[in-house]
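Using mature numbering (1 follows the signal peptide of the UniProt record, and there is no 0), the letters of the sequence shown map in sequence onto residues -39 to -1, 1 to 390. Heads up, the beta-carbon is just placed ideally off N, CA and C, and yes, glycines get one too. Since the model is a prediction, treat every value here as computed from it, not as a measurement. Structure first, then comments.
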Amino acid sequence: MKHRGRHRRRRQGRAVRAFLAGTALALTAAATMISASQATVGDDPGALEPLTRAAETGALRLKEQLVPQATLDELAAGMGKPVGVSAVLETADRSLRKSSGCTASERTALPVAPTATRAYCWDAADTASWRAGAVTGSGDADDDGWWNDNRVILSGWSQGTADRGLARVAFVDANDLAHLRYASALLVVPVDGGRNYRALPSRLSGMVWYQDKLLVTAGDGLYVYDMNRVQRTTVDSAAVGRVGKGWSAHGYRFVLPAVGSYRLAGGSAAPRVGGISLDRSTAPDSLVASEWTAADSDRPARLWRYDFDRDPARPGLLATGATGVAPVVEAYETEASGIRGVLSHRAGGTDRADWYVGRAPGSTDRQGSLWRQDTDGAEATRCGEQNAPRCWGTRVGPLSYWEATGEVWSQSGRTLFALPLGSIDAALG
């Protein structure tokens, strides 16, 4: 899979290669390319640099704090018995448009190379004031790709600011991939001992559904949700929380109340968590994360990994020690900036993982880029007559690898898409 014969070198500072390309690439309704004049600059992030000293990895440790069971019981006593994923899917009354119904602008947001094999566009009215975020689904939750009797895609959205905003998750019924329907639930946090809840204002830059837990990014860590503890609301209003004798969630029929959180232990030295994803090629399964940096930043970013707990009494939670801290089991520094999506995957028979990093376009770029990195070097997906590395989507976010199908799911703006991991490897140059 790797081009081992190609000359590579260890990172020595920041290596920059300039490409003058005479071709700009856009995606048509049939996901084909057309040419236009454009100049691009591609940065080679080089090899991953292992971080092994405690001083380097200590800031990445996560401190676990679970919501008391009494608090969750109090909330359920007030709102009614929790329901599951199927209850939300049964109310799915909005549809995603197939690629043929997407606008030219929506299709242009897709990757140029490799091209998407599935593409759908969200209801424009339903997403007009919301920012697209993370994607995960039953392909992460269970290795067979199903959650009970359903195939499900979860898509995270947010609006407002980090201290005054909302976050929601769209539950997409993916049993029929030709006709995707969805309904949404608001993410909330129990307060006052479970007698009320508040909105989660975090911008969702990453999300992983593993076993019965949903992990979503917060600025300084993660929030944890239990997929078996979906609660129904009773009041249709713009308020969030208890309203008189009822419960409201900004007009949504369901809420997911947090059951725990993880906070980075590094204080001011801790990074801002960007993308997260599940890696089933490790033992035990692991959660990988990337550091959020600006697209034009000159500062290196970090990539790191946590193990999931093998204890059957702690499904979907990270492995922690006696002090409730989840240690980092692997960490690297990369010269890549503007990372918005990260995957780690160890192909069969190999002794180390490849790291895939999706990067946002810089201020002078038309497309993003997708790199596969390891401790030997980096390769980008390439396209066009100039074999340029700017081939990824314009607003592509986090990545989710579904082991059962071999597909990578993501979304770029209002466009949800999938493509085989093998096609990414084939497009590397």
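query	result
Assigned exposure category for Gln372 - 16 Cβ within 10 Å defines buried	buried
Ala49: first and last residue of the uninterrupted alpha helix (DSSP H) it sits in	Note that residue 49 is Val in the sequence shown here, rather than Ala. Counting along the chain, the alpha helix (DSSP H) containing Val49 begins and ends at 46 to 50.
Within 8 angstroms, strictly: CB atoms of Val318 and Gln328	no
Integer-rounded CB distance, given that Val191 should sit under 8 angstroms from Leu183	Rounded, the Cβ-Cβ distance is 19 angstroms, inconsistent with contact.
Leu380, DSSP secondary structure in three states	strand
Contacting residues, own chain, Cβ-Cβ under 7 angstroms from Leu239 (five flanking each side not counted)	Asp101, Val169, Tyr171, Asp246, Leu248
Pairwise C-alpha distance: His140 and Ser61	13 angstroms
Entirely enclosed beta strand (DSSP E) segments - the region 322 to 357, minimum 3 residues	330 to 334, 339 to 341
Inter-residue CB distance, Thr194 and Ala210 (contact presumed, cutoff 8 angstroms)	5 angstroms
DSSP-derived helix/strand/coil call for Leu21	helix
Alpha carbon of Trp265 to alpha carbon of Gly207, nearest angstrom	43 angstroms
Of the listed residues Arg125, Arg301, Ala387, Tyr81, nearest to Pro322 (C-alpha basis)	Arg301
Own chain, CB closer than 6 angstroms to Gly309, minus 5 neighbours either side, in chain order	none
C-alpha gap between Ala199 and Tyr213, whole angstroms	9 angstroms
Coil, strand or helix - Ile385 by DSSP	helix
Burial state of Thr281 (16 or more Cβ within 10 Å)	buried
Per DSSP, the bridge partner or partners of Ala93	Trp118
Nearest candidate by alpha-carbon position, reference Ala146, set Arg263, Ala135, Trp118, Gly367	Trp118
Under 8 angstroms between C-beta atoms of Ala388 and Arg356	no
Chain-order list of residues whose beta-carbon lies under 8 angstroms from that of Val290 (same chain, five-residue window excluded)	Ser247, Arg266, Tyr267, Asp268
Candidates Asn136, Ala31, Glu17, Val234, of which the one nearest Val303 by Cα	Val234
Contiguous beta strand (DSSP E) assignments of at least 3 residues, all confined to the region 113 to 195	113 to 121, 126 to 134, 142 to 152, 157 to 160, 168 to 171, 174 to 179, 182 to 187
Inter-residue CB distance, Thr254 and Gly299 (contact presumed, cutoff 8 angstroms)	6 angstroms
For Ala20, the nearest candidate out of Gly345, Leu225, Ser305, Gln26 (CA to CA)	Leu225
Three-state secondary structure assigned by DSSP to Leu(-15)	Caution is warranted here: a pLDDT of 30 is assigned to Leu(-15), below 50, making its placement in the model unreliable, and the coordinate value is therefore given only provisionally. Leu(-15): strand per DSSP, three-state reduction.
Rounded Cβ spacing between Trp316 and Leu9 (contact assumed at less than 8 angstroms)	6 angstroms
DSSP three-state assignment for Ala292, whether helix, strand or coil	strand
Proximity below 8 angstroms, CB of Val152 to CB of Leu161	no
Beta-ladder partner(s) of Gly302, from DSSP	Gly319
Per-residue burial, Thr78 [other beta carbons within 10 Å of its own, 16 or more giving buried]	exposed
Exposed unless 16 or more other CB atoms sit within 10 angstroms - verdict on Val187	The displayed chain sequence assigns Asp, not Val, to residue 187. Burial call: buried.
Proximal residues to Ala48 (C-beta, below 8 angstroms), its chain only, five neighbours per side dropped	Val191, Arg193, Phe215
Classification of Gly228 by the beta-carbon crowding that lies within 10 angstroms, buried from 16 upward	exposed
From Thr52, Leu57, Arg129, residue whose alpha carbon lies closest to that of Ser90	Arg129
Alpha-carbon spacing of Gly39 relative to Val196, whole angstroms	13 angstroms
Residues near Val204 by beta carbon distance below 7 angstroms, same chain, minus five either side	Val196, Ser198
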